[in-house]
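*Asks:*
Protein chains: 2
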Amino acid sequence: MDINALEKIALTVRSLSMDAIQKANSGHPGLPLGAAELGAFLYGEALRQDPADPAWPDRDRFVLSAGHGSMFLYALLYLAGYQDMTLEDIKTFRQIGSHAAGHPEYGLVPGIETTSGPLGQGIATAVGMAVAETMLAARFNTPTRIIVDHYTYVLVGDGCLQEGVSAEASSLAGHLQLGKLIVFYDSNRITIDGSTDLAFTETVAQRYQAYGWQVLTGSMYDFEDLARLTEAAKAETAKPSLIILTSVIGKGAPHKQNTADAHGAPLGGEEVAAAKAALGISGDFYVAPEAEAYFATKRTTWQTNRRAWQEEFQRWSKENPDKRAEWDRFYAGEPAQGTLPRFAAGDSLATRTAGNKALVALAAANPNLVGGSADLKGPNAVGIPDAGVYGPANRGGRYIHFGIREFAMAAISNGISLHGGLRAFCATFMVFSDYLRPALRLSALMKQPLIYVLTHDSIFVGEDGPTHQPIEHLASFRIMPGVLTLRPADAEETAEAWAMALERQDGPTILALSRQNLKVFTKEDPDWRKKLRTGAYMVKKGADVPELVLIATGSEVTLALEAAAMVQGKVRVVSMISRERFEAQSKTVQEGVVPPGIPVICCEAGVRTGWERWTSPEGIFSIDRFGESGPAPKVAEALGFTAQALAALITAKLRCA
Amino acid sequence: MDINALEKIALTVRSLSMDAIQKANSGHPGLPLGAAELGAFLYGEALRQDPADPAWPDRDRFVLSAGHGSMFLYALLYLAGYQDMTLEDIKTFRQIGSHAAGHPEYGLVPGIETTSGPLGQGIATAVGMAVAETMLAARFNTPTRIIVDHYTYVLVGDGCLQEGVSAEASSLAGHLQLGKLIVFYDSNRITIDGSTDLAFTETVAQRYQAYGWQVLTGSMYDFEDLARLTEAAKAETAKPSLIILTSVIGKGAPHKQNTADAHGAPLGGEEVAAAKAALGISGDFYVAPEAEAYFATKRTTWQTNRRAWQEEFQRWSKENPDKRAEWDRFYAGEPAQGTLPRFAAGDSLATRTAGNKALVALAAANPNLVGGSADLKGPNAVGIPDAGVYGPANRGGRYIHFGIREFAMAAISNGISLHGGLRAFCATFMVFSDYLRPALRLSALMKQPLIYVLTHDSIFVGEDGPTHQPIEHLASFRIMPGVLTLRPADAEETAEAWAMALERQDGPTILALSRQNLKVFTKEDPDWRKKLRTGAYMVKKGADVPELVLIATGSEVTLALEAAAMVQGKVRVVSMISRERFEAQSKTVQEGVVPPGIPVICCEAGVRTGWERWTSPEGIFSIDRFGESGPAPKVAEALGFTAQALAALITAKLRCA
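These protein sequence lines are chains A and B, in that order. Note that the working numbering has the first sequence beginning at 356, numbered continuously upward. Note that the working numbering has the second sequence beginning at 356, numbered continuously upward.
1) So which residues of chain A does residue 306/B contact, with C-beta pairs closer than 9 Å?
2) Between residue 528/B and the rest of its own chain, which residues show a CB-CB distance below 8 Å, the 5 nearest in sequence each way excluded?
3) Out of 726/A, 655/A, 448/A, 925/A, point me to the one whose CA is closest to residue 900/A's CA.
4) Expressed to the nearest angstrom, what Euclidean distance is found between the alpha-carbon atoms of residue 785/B and residue 601/B?
5) Should residue 848/B and residue 905/B be called a contact, given that it needs their Cβ atoms to be closer than 8 Å?
6) Kindly say whether residue 743/A, judged by its beta-carbon, lies nearer than 8 Å to any beta-carbon of chain B.
7) Once DSSP output is grouped into helix, strand and coil, what is the label at residue 729/B?
8) Rounded to whole angstroms, what is the Cα-Cα separation between residue 646/B and residue 368/B?
9) For residue 989/B, which residues in chain A fall below 8 Å Cβ to Cβ?
10) Going by C-alpha distance, which of 407/B, 366/B, 404/B is nearest residue 390/B?
11) Pull up the CB-CB distance for residue 550/B and residue 477/B, whole angstroms please, since I reckon it's below 8 Å.
12) Below 8 Å, how does it come out for the stretch 407-417 of chain A and the stretch 634-646 of chain A: are there three or more Cβ pairs, yes or no?
13) Grab me the residues of residue 404/B's own chain with a C-beta within less than 7 Å of its C-beta, minus the 5 sequence neighbours each way, in chain order.
14) Would residue 996/A count as contacting chain B if we go by Cβ distances under 8 Å?
15) Tell whether a beta-carbon distance below 8 Å holds between residue 875/A and residue 700/A.
16) List, from N- to C-terminal side, the beta strand (DSSP E) runs of 3 residues or more that fit wholly inside the stretch 863-931 of chain B.
17) Anything in chain B within Cβ reach of residue 474/A, meaning under 8 Å, just list it in chain order.
18) Can you tell me whether DSSP reads residue 933/A as helix, strand or coil?
19) What is the residue span of the beta strand (DSSP E) that residue 573/B lies within?
20) Could you round the C-beta distance between residue 721/A and residue 696/A to whole angstroms and report it? I think they count as a contact, below 8 Å.
21) Could you work out which residues of chain B lie near residue 460/A, taking near to mean beta carbons separated by less than 9 Å?
22) Can you name the residues of chain A whose CB is closer than 8 Å to the CB of residue 557/B?
23) In or out: residue 688/A buried (at least 16 other Cβ within 10 Å) or exposed?
24) Taking 8 Å as the threshold, find out whether the stretch 491-498 of chain A comes into contact with the stretch 432-444 of chain A through three or more Cβ pairs.
25) Looking at the C-beta of residue 616/B, does it have a partner C-beta in chain A at a distance below 8 Å?
26) Look up residue 413/B in the DSSP assignment and say whether it is helix, strand or coil.
27) Applying the 10 Å Cβ sphere with the 16-neighbour rule, what's the burial state of residue 851/A?
28) Look up residue 807/B in the DSSP assignment and say whether it is helix, strand or coil.
29) From 685/B, 447/B, 777/B, pick the residue whose C-alpha is nearest to that of residue 426/B; which is it?
30) I'd like to know whether the C-beta of residue 946/A is nearer than 8 Å to at least one C-beta of chain B.
31) Apart from the five residues on each side of it in sequence, which residues of its chain come closer than 6 Å, Cβ to Cβ, to residue 1002/B?
32) My understanding is that residue 931/A touches residue 908/A, with C-beta atoms under 8 Å, so please give their C-beta distance in whole angstroms.
33) Taking the alpha-carbon positions, what's the residue 488/A to residue 576/B distance?
34) Could you name the residues of the same chain whose beta carbon sits closer than 6 Å to that of residue 406/A, not counting the 5 residues immediately before and after it, in chain order?
35) Indicate whether at least one CB of chain B lies closer than 8 Å to the CB of residue 1014/A.
36) Would you call residue 732/B buried or exposed, if buried means 16 or more other Cβ atoms sit within 10 Å of its Cβ?
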């Protein structure tokens, strides 16, 4: 270990961070200055990766969970030689077009493993990466050839450890015995409001021991200590490790260090000057030549190591052609179509049940599909009999018992997806999607193709009552950019919806599924499967020029068909599996289904918001209040959400027209 | 302690629960059967309350955090003599109109202290109740007269303790040294998926010790133990207590107890019969006469105790007339108007800053207004200089440092509000409202008048980038039933918005406030303050019959005024502080502001959803993608969200019309 070089790297992290933040007049110097030594150690010594091949599958992952300290990461990526992070990017920190965005953004620059900033999620996402590593290792390594074998390193701050999602994920990580997860806790005891004494006085070490972690402590500013602790973390293979590093926020800023002032605002020109004087540097954006030289050599080592892996990978490929073929399928991204289950008109089953049949079929065709539920395996119907349960004793298992931890489940699933090689799904009751919403937003922001199986998708949940009946949730998914919401109307549509979800590569998909049984209905159009993919199709055409178009989603298509059968008049019934996808179609496609100038009624067991695009307020048959506890049909009656009421509305509309 | 009677109470809880769930063919027998002894002990022995006066301010609170075990609570409320919980209600468990709803619903029956069911929130809400007790005790007790002195009891299960929100709240409860919070952990080690070994193997006791709690352990089925443990919990006045009770889920059901089958489905007729035989009872809905007799006597004791308190309260009132007057104001519900800050046209300040001035003024006029932020006191601008910081050393403090725990913050605030006597606000960045959304939903469902101060309400956050820029959030509040969203456009509107939020008694209010400075604009209508309360008013009338109506909210009103000044044509500019409130007005009021048949443009720095009611898709000036990192004006430029672009849209619309 070249301590002198590491010191110069730390110095450079401080220099670049101070100046970039000062120049941007925005940013968080506290972490990059306070944890610069850890950064120097990680990138200069510990991490096994290669800037020349940032996507190398077996690289060590590093997650900056405390994403506000983004300059920490940018300075190190630049020094390490990630080509897309230039000094110019750093000089334009937090400006439009710079790769050095306000918070680390996945996809903007190779080397950023996840978007972070929303606190607590980074470490939870890293848990997912560590899970993925063990899954792939179990699948691909052989007794003689190890091709999946990397660590997942994380830097967390006080903020991350106060958030509930980190608690959920850490408890599960301990249970899962993720021995290759190594978390450094930058314990500076300062948050925005001031000292952690204001709100955070628990004993973190004891808490993590309770989770089943190895807990180590040391100083942020002793490289020997960092090396020793990291070795100890690696030596403990049955427990994740938390390394608590006592640190000083904003270290190096003579007047502001160890105060909340250093956390989230530029230090100010005077303080920057004083810091530079104290650090013995002059000029702006100073990069220590020793740091540059060190990484120049390091890059050779990294490349050598990566090439050694590639040679091993070639040997493994030759010896294990089947595994290699599977590896290629895992990393290809294109899912296999599989043999979707078929249903017959008149079959009566819940779409969650049909979803299970599709999931089982697709999981058989796509062995890289993994996932689970937040303790609702049965109710969500997401069990995969042949997939095995993932755990310390069975790393090859593909079903994950996430426990009653919806938020961590989704963040961990993000991590599994980000890792590469695997496709992830996760499941809970739709109403509890509120618990995981921040992770869903990150799935969308990072364009991760997660599949969210959300069952019990309306008041037809019944007896569990308003706390368990989604009302605003379908609308809540549709308003989030990049999310695809699919609400299939019967078993046949559900199988297609699962295929559509798996086909999607560039963002998360919600599968909104019913608790209650629904009869498979007859589709007039033999080409409905193709048209379904436009977001909507005619279940019942009514006439070439109908008198009224009745648009419904999910279980309400059945309601719409019932109502249409009760009235006089040429009523067209449309199943709109995805409003956002249909709204993205050409006007021609849209008008082929919903002709202009004809009265429209929209029917959905949820709030009306968003349907105003398709009809007048009076034409929306919706539920704009919380639900009730009772058997589902009685709840529907109590809320006036019945086929009779819908038929009456249709008749009234027909009369007006 | 009459152990025989307590046993009969437990027997009755089992009997009623089994039969009610069986009759409903829906429900969760596992908890009521498994924890019946604790229920008997709590209601038969520990709780100090009075069914004859369920609103008695100094009653002990009991929160069934594991709300799915609702029959546990209903059986006990019935036995204890809460008049609104009848045997008929229990016989119609989970039917429309029954007071025995699927999950306990606040407001349906006195004796239910909070709605529970969404796991983890019950205990967090209870933390808020315990906080409120200490605040009121500090305010009203005197050295010689104690009128606020009660415990907050909670029952949690494995599920509650896996959820992150309980972790956040428990950490804070330990920090706050809430010695009168006593949590019983029904540790049956079974969840829906099966054994807790599947996902939850941490050492809970050690974790709670790390939080600074007293942890005690014992058996669910030993009344002496329960009494001893409860006394020990009370004896520890500087720490909350977690009492871990080893239990058997579904105890009494001979074949299903200790299995996941007992958790969430009726036992089945055969198993109910077998259980009854084993318990030595026959007939349906059996109520042990000894239990009835015991509570008949108990009610007298309860009444005597409550009357003793009332006498003490009268003595206290006489000796402390000022305190009594304050008490009455605290419990009246009607807030004092205070002297709202005034601003002058041309003043330039962020609405968050204006909000702070209003908050300080209203807090001075309403000493029962308490709250805080999730570590963003400065950025959210919610400090109240004279209010003091709440904590173990200052129970009279009114500002709460919640730490970086948004979800627990909101759930705790629900508890403070539910306790009675206090009004609560809480604050974070708007984008992180996602973290607390499940608690916001409960605020709405329970009609609690919480005030959510959500600052940094758009892409004009700037440099922090897409993770910190709300896009879909305003829409996300508006779709939730019972939530009032106020987005004031300048400092003057902000002061009024705070007053409107405080006036509201029947549900939560969102105050959406800007990070960036906004100039106070001139209002043409002297009566604007009154009209603001209808949800929208004309900032600039344009003409009696304008050529175009430009509706904007919040900071976009300034943008709208700028754009309107750039174009030729009679443009009316409307500030719509609350779309939902305006949509609830009569057609006359609405058309007085937005006349029919005139082109409309809606302008908001967020998704378009919901604005379709007011204009065609082309008339919506919105942001339907995630943001960018950069200085706010540059972000707006990058997204095409500028006054110039809006002016161009207006001009185009005017030409078409």
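We put the beta carbon where it would ideally sit given N, CA and C, even for glycine.
*Replies:* For this structure:
1) The structure shown does not extend to residue 306/B, since chain B is modelled only from 356 through 1012, so no value can be given for it.
2) Sequence index remark: in the second sequence, residue 528/B carries index 173 (1-based). Within the same chain, residue 528/B has close Cβ partners 482, 485, 536, 566, 568, 595.
3) Taking the first residue of the first sequence as position 1, residue 900/A is located at position 545. The option with the nearest alpha carbon to residue 900/A is 925/A.
4) Sequence index remark: in the second sequence, residue 785/B carries index 430 (1-based). Sequence index remark: in the second sequence, residue 601/B carries index 246 (1-based). A straight line joining the alpha-carbon of residue 785/B with that of residue 601/B spans about 42 Å.
5) Locating residue 848/B in the second sequence gives position 493, counting from the first residue. Locating residue 905/B in the second sequence gives position 550, counting from the first residue. No, the pair does not count as a contact, with Cβ atoms beyond the cut-off.
6) Position 388 of the first sequence holds residue 743/A. Put simply, the CB of residue 743/A is far from chain B, with every gap to its CB atoms at 8 Å or more.
7) The residue given as residue 729/B occupies position 374 in the second sequence. Residue 729/B: coil per DSSP, three-state reduction.
8) Along the second sequence, read from residue 1 onward, the residue named residue 646/B stands at position 291. Along the second sequence, read from residue 1 onward, the residue named residue 368/B stands at position 13. For residue 646/B and residue 368/B, the gap between their C-alpha atoms comes out near 10 Å.
9) As a first step, residue 989/B must be located in the second sequence, where it is residue number 634. At a C-beta separation below 8 Å, residue 989/B has these neighbours in chain A: 450, 451.
10) In the second sequence, the residue the question calls residue 390/B occupies position 35. Selected option, being the one with the closest Cα: 366/B.
11) Against the second sequence, residue 550/B aligns to sequence position 195. Against the second sequence, residue 477/B aligns to sequence position 122. Not quite, the Cβ-Cβ distance comes to about 23 Å (not below 8 Å), so this is no contact.
12) Contact between the stretch 407-417 of chain A and the stretch 634-646 of chain A is absent: fewer than three C-beta pairs spanning the two stretches fall below 8 Å.
13) Numbered from its first residue, the second sequence carries residue 404/B at position 49. Hits under 7 Å: 411, 414, 415, 657.
14) Here residue 996/A is taken as the residue at index 641 of the first sequence, counted from 1. Residue 996/A does not count as touching chain B.
15) Here residue 875/A refers to the residue found at position 520 of the first sequence. Here residue 700/A refers to the residue found at position 345 of the first sequence. For residue 875/A and residue 700/A, yes; Cβs fall inside 8 Å.
16) Taken in chain order, the complete beta strand (DSSP E) segments of 3 residues or longer contained in the stretch 863-931 of chain B are 864-868, 872-874, 892-895, 903-907, 926-930.
17) Working through the first sequence from its first residue, we reach residue 474/A at position 119. Chain order gives the chain B residues near residue 474/A as 759, where near means a beta carbon separation below 8 Å.
18) Position 578 of the first sequence holds residue 933/A. In the structure shown, residue 933/A sits in coil (DSSP, three-state: anything other than H, G, I, E or B).
19) For the purposes of this step, residue 573/B is identified with residue 218 of the second sequence, where counting begins at 1. In the DSSP assignment, residue 573/B falls within the unbroken beta strand (DSSP E) covering 569-574.
20) The residue you call residue 721/A lines up with position 366 of the first sequence. The residue you call residue 696/A lines up with position 341 of the first sequence. Between residue 721/A and residue 696/A, the beta carbon gap of about 15 Å keeps them out of contact (Cβ cut-off 8 Å).
21) Locating residue 460/A in the first sequence gives position 105, where the first residue counts as 1. Residues of chain B passing the Cβ test: 820, 821, 822, 984.
22) As a first step, residue 557/B is located in the second sequence; it is residue number 202 there, counting from the start. Neighbours of residue 557/B on chain A, chain order: 526, 529, 530, 565, 566, 567.
23) Residue mapping note: residue 688/A aligns to position 333 of the first sequence, counting from 1. The residue is exposed, with fewer than 16 neighbouring Cβ atoms inside 10 Å.
24) Under the three-pair Cβ rule at 8 Å, the stretch 491-498 of chain A does not count as touching the stretch 432-444 of chain A.
25) Numbered from its first residue, the second sequence carries residue 616/B at position 261. When Cβ-Cβ separations below 8 Å define contact, residue 616/B makes no contact with chain A.
26) Translated into positions along the second sequence, residue 413/B becomes position 58. For residue 413/B, the secondary structure class from DSSP, reduced to helix, strand or coil, is coil.
27) Numbered from its first residue, the first sequence carries residue 851/A at position 496. Flag for residue 851/A reads buried.
28) Counting from 1 along the second sequence, the entry for residue 807/B is found at position 452. If DSSP states are grouped into helix, strand and coil, residue 807/B belongs with the strands.
29) Along the second sequence, read from residue 1 onward, the residue named residue 426/B stands at position 71. Of 685/B, 447/B, 777/B, the residue nearest in Cα terms is 447/B.
30) Residue mapping note: residue 946/A aligns to position 591 of the first sequence, counting from 1. Not closer than 8 Å to any Cβ of chain B, the Cβ of residue 946/A fails to qualify, so no.
31) As a working note, residue 1002/B is residue 647 in the second sequence. Residues of the same chain with a CB within less than 6 Å of the CB of residue 1002/B, apart from the 5 flanking positions on each side, are 918, 921, 922 in chain order.
32) Here the question's residue 931/A lines up with position 576 in the first sequence. Here the question's residue 908/A lines up with position 553 in the first sequence. Right, their Cβ atoms sit about 5 Å apart.
33) In the first sequence, the residue the question calls residue 488/A occupies position 133. In the second sequence, the residue the question calls residue 576/B occupies position 221. Approximately 45 Å, taken between the alpha carbons.
34) Stepping through the first sequence from its first residue, residue 406/A is reached at position 51. Non-local beta-carbon contacts of residue 406/A in its own chain, meaning distances under 6 Å to residues more than five positions away in sequence, involve 435, 436, 437 in chain order.
35) In the structure as shown, chain A starts at 356 and stops at 1012, and residue 1014/A therefore has no counterpart that could be examined.
36) The residue labelled residue 732/B in the question sits at position 377 within the second sequence. Residue 732/B is buried by the Cβ-count criterion.
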